[in-house]
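>
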Amino acid sequence: MNVSIVGSGYVGTTVAACLAEDGHEVTNVDIDEGVVAAINGGDAPIHEPGLDDLLAEHGGDRLHATTDYGAVVDTDVTFLALPTPAREDGSIDLGAVEAGVRSLGEALAGKDDPHLVVVKSTVIPGTTEETVAPLLAETSGKTLGEDLHVAMNPEFLREGSAVADFRDPDKVVFGAYTDLARERLRDVFEHLLADSEAALVETGIREAEMIKYANNAFLASKVSLVNDIGNVCKEYGVDAYEVAEAIGLDDRIGERFLRSGVGWGGSCFPKDVAALVAAAREADYEPAMLAAAIEVNDRQPERMLDLLDDHVDPAGERVAVLGLAFKPGTDDVRNSRAIPVVEGLRERGATVAAYDPVATETMRERFPEIEYADAAGEALDGASAALVVTDWDEFAALDDEFDRMATPVVVDGRRIVEPREGITYEGLTW
Ligand code: UGA
């Protein structure tokens with residue numbers, strides 16, 4: 046098929062490259078000329094394992110990028126993979142989606158055959174039908190259900206494993222109402238559905254929109270629940286990881302996403318849970334569990350700092366922060382738990398020495414004034430305490446490095462450091 050994708054972030058680029066690998070002719074439309082040039086030159090514009098190889102093979106060939114929306118006219122289906130960032134009150138900002146939809150609609154005015162537009166961006170239920178569809182109809186002059194069709198296909202890709210997640214998903218969700226929409230979606234995902242164990246969920250558009258939010262809200266709440274239970278464990282001298290391992294054996298609970306600690310960050314969980322809470326309140330419903338999930342998550346960094354205070358007064362002391370990325374395998378620091386941890390240390394008058402294997406430069410934009418070390422040992426040198434915020438594998442191998450500390454107090458927010466003789470070790474929930 047001929048597929049176009051508007052937006053070349055980690056979702057748009059990953060989906061484009063994987064669909065090209067599945068044999069489709071793919072056109073990526075993006076307003077950023079640098080991104081377009083990178084894709085056509087066979088270079089991945091973002092870092093995702095496996096993406097470099099796919100771009101090298103298909104970029105400029107079966108996968109073509111352009112800044113010209115007019116290119117969508119020659120395609121059968123267009124996916125919208127534009128960002129929906131959070132506003133101050135948690136609700137989503139549809140500015141980028143609306144601008145993209147307008148340009149897309151104007152381009153589609155020049156197409157005679159029916160076209161399918163599929164929303165991939167994370168949007169509140171009702172957005173595809175009440176905002177995207179009417180705007181497309183207005184700008185293209187086409188008639189919905191006749192020569193213009195809309196659908197919703199949420200994505201469940203994790204940063205750092207987006208290509209692998211695309212190739213082997215648990216489920217593929219189509220929200221569609223017309224035969225043409227359902228048939229074209231099945232054609233696009235024919236290979237993926239045949240080659241993987243993925244379940245196909247065919248549902249309504251509003252349900253597809255909600256499935257995405259519910260998926261992320263459930264996972265974030267699962268981690269907050271395990272953190273809440275973990276905090277009680279800590280108070281009673283119980284190891285929350287042993288408890289989690291046992292309860293995870295119950296199929297109804299499941300063993301994944303039970304790692305308690307300093308909480309969740311990134312560009313998805315915080316934004317999506319906040320947007321769902323804002324949408325519920327907009328509809329005059331108070332979502333008590335979701336609000337509590339956010340509250341518990343906000344509290345975890347403070348609990349980590351309280352544990353530090355139990356051992357050291359950090360005022361005027363050097364304190365190491367190990368790990369800045371919101372999770373291992375990425376340089377993304379958006380909503381990283383390292384941010385409130387560094388802020389809390391600075392409020393306490395500590396001198397922060399931070400280390401992360403890849404996220405130094407991204408965090409430097411947020412905190413230009415703190416010290417960034419080139420190695421964990423360098424950050425630990427002369428420090429009165431260390432706070433471990435990201436579970437990078439290399440932190441599990443730290444040993445002699447702790448001998449360089451002035452007082453070897455280690456507060457571990459991710460259960461990654463091996464406790465040993467000679468260090469005062471505090472786990473957040475164990
Ligand atoms: C998340 C979802 O997992 C994806 O399915 C979804 O597609 C994506 O958001 C999105 O909406 O685009 P991602 O943000 O890349 O993916 O990160 P996760 O691997 O889910 O981790 C999220 C946060 O939860 C991290 O800060 C991680 O450290 C934390 N976490 C995860 C825990 O604290 N404990 C756990 O047991 C698991």
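For the sequence shown, my numbering assigns the number 46 to the initial residue and increments by one for each residue that follows. Glycine residues also receive a C-beta, built at the ideal position from the N, C-alpha and C atoms. Nothing here was measured: the structure is a model prediction, and the numbers come from that model.
For Arg-301, is the classification buried or exposed, using 16 other Cβ atoms within 10 angstroms of its Cβ as the cut-off for buried?
Arg-301 is exposed by the Cβ-count criterion.
> Throw me the rounded Cβ distance for the Glu-254 and Thr-172 pair, which I believe falls under 8 Å.
Right, the Cβ-Cβ distance comes to about 7 Å (below 8 Å), so this counts as a contact.
> Closest to Arg-379 by C-alpha separation, out of Val-364, Trp-309 and Ala-325, would be which residue?
Selected option, being the one with the closest Cα: Trp-309.
> Near Val-218, what residues of its chain come up, given a Cβ to Cβ distance below 7 Å and the 5 sequence neighbours on each side ignored?
So the qualifying residues of the chain are Asn-198, Pro-199, Val-246, Thr-248, Ala-253 and Ile-256.
> Taking 8 Å as the line, does the beta carbon of Asn-261 fall inside it for any heavy atom of ligand 1?
Asn-261 Cβ: within cutoff of ligand 1.
> Let me know if Thr-112 comes out buried or exposed under the rule of 16 or more other beta-carbons within 10 Å of its beta-carbon.
Exposed is the call here.
> Whose C-beta lies closer than 7 Å to the C-beta of Pro-402 among residues of the same chain, with five residues either side of it excluded?
Result list for Pro-402: Trp-437 and Glu-439, in chain order.
> Out of curiosity, what's the CA-to-CA distance linking Gly-87 and Gly-105?
Cα to Cα, the separation comes out at about 6 Å.
> For Pro-315 and Ile-339, I'd like the C-alpha separation in whole angstroms.
Cα to Cα, Pro-315 sits roughly 8 Å from Ile-339.
> So, for Asp-426: in the same chain, excluding its five sequence neighbours on each side, which residues have a beta-carbon less than 6 Å away from its beta-carbon?
Closer than 6 Å at the Cβ level, and outside the excluded window around Asp-426, lie Arg-449.
> Whole angstroms are fine: how far does the CA of Leu-432 sit from the CA of Val-307?
Going by the C-alpha atoms only, they are around 10 Å apart.
> Run the CB neighbour count on Glu-347, radius 10 Å, all protein chains shown included, and call it buried at 16 or more, exposed below.
When all chains shown are included, Glu-347 counts as exposed.
> At what residue ranges does the stretch 180-257 contain a whole run of the beta strand (DSSP E), taking only runs of 3 or more?
Runs found: 193-197, 216-221 and 244-248.
> Smallest Cα separation from Phe-124: which of Pro-130, Gly-135, Gly-145 and Ala-239?
The residue with the shortest Cα to Cα distance from Phe-124 is Gly-145.
> Flag Asp-187 as yes when its Cβ comes closer than 8 Å to any non-hydrogen atom of ligand 1, and as no otherwise.
First, the residue type needs correcting, since residue 187 is Lys and not Asp in the sequence shown. No, the Cβ of Lys-187 stays beyond 8 Å of every heavy atom of ligand 1.
> Enumerate, from N- to C-terminal direction, the unbroken alpha helix (DSSP H) stretches of 4 or more residues contained entirely within the stretch 418-443.
For the stretch 418-443, whole alpha helix (DSSP H) runs of length 4 or above, ordered along the chain, are 421-425.
> In three-state terms, what does DSSP make of Tyr-114?
It is helical.
> Is any heavy atom of ligand 1 found at a distance shorter than 8 Å from the C-beta of Phe-511?
Past the edges of the chain, shown from 46 to 475, lies residue 511, and the structure says nothing about it.
> Please name the residue or residues paired with Glu-471 in a DSSP beta bridge.
Per DSSP, Val-456.
> Just checking Ala-437 against ligand 1 - is the residue's beta carbon closer than 8 Å to any of the ligand's heavy atoms?
It is Trp, not Ala, that sits at residue 437 in the sequence shown. Trp-437 Cβ: outside cutoff for every heavy atom of ligand 1.
> What residues are listed by DSSP as bridge partners for Gly-104?
Answer is Leu-108, bridged to Gly-104.
> Would you mind stating whether Asn-342 and Thr-474 have Cβ atoms separated by less than 9 Å?
It is not a contact, given that the beta carbons lie outside the stated cut-off.
> Provide the residue(s) that pair with Val-122 in DSSP beta bridges, ordered along the chain.
Val-48 and Leu-161.
> DSSP on Tyr-286, reduced to helix/strand/coil?
Helix, per DSSP.
> From this set, Val-142, Phe-447, Leu-367 and Ser-429, which residue's C-alpha is nearest Tyr-417's C-alpha?
The option with the nearest alpha carbon to Tyr-417 is Leu-367.
> What residue does the alpha helix (DSSP H) around Val-307 start on, and which one ends it?
That residue, Val-307, is in no alpha helix (DSSP H); it is neither H nor E in DSSP.
> Can you tell me whether DSSP reads Thr-396 as helix, strand or coil?
Strand at Thr-396.
> Residues in its own chain within less than 8 Å of Pro-214 by CB, not counting five upstream and five downstream?
Excluding residues within five positions, the ones whose Cβ falls inside 8 Å are Phe-201, Leu-237, Ser-241 and Ala-243.
> Give the DSSP-derived three-state secondary structure of Leu-352 in the structure shown.
Leu-352: helix per DSSP, three-state reduction.
> What distance in whole Å lies between the Cβ atoms of Ala-451 and Ala-404, which are believed to be in contact at a cut-off of 8 Å?
With 8 Å as the limit, Ala-404 and Ala-451 do not qualify as a contact, their Cβ atoms being about 25 Å apart.
> Under 9 Å between the Cβ atoms of Ala-116 and Ala-62?
Taking 9 Å as the Cβ cut-off, Ala-116 and Ala-62 do not qualify as a contacting pair.
> With three or more beta-carbon pairs closer than 8 Å as the criterion, would you say the stretch 176-186 touches the stretch 203-210?
Touching, no.
> On the CB-based measure, 16 or more other CB atoms within 10 Å of its CB, does Arg-132 come out buried or exposed?
Exposed, because fewer than 16 other Cβ atoms sit within 10 Å of the Cβ of Arg-132.
> Could you tell me which residues DSSP puts in a beta bridge with Ile-137?
BP columns for Ile-137 point to Ala-131.
> Can the beta-carbon of Ser-49 be found closer than 9 Å to that of Val-80?
Contact: no.
> Could you tell me the alpha carbon to alpha carbon distance between Gly-299 and Ala-101, rounded to whole angstroms?
Going by the C-alpha atoms only, they are around 38 Å apart.
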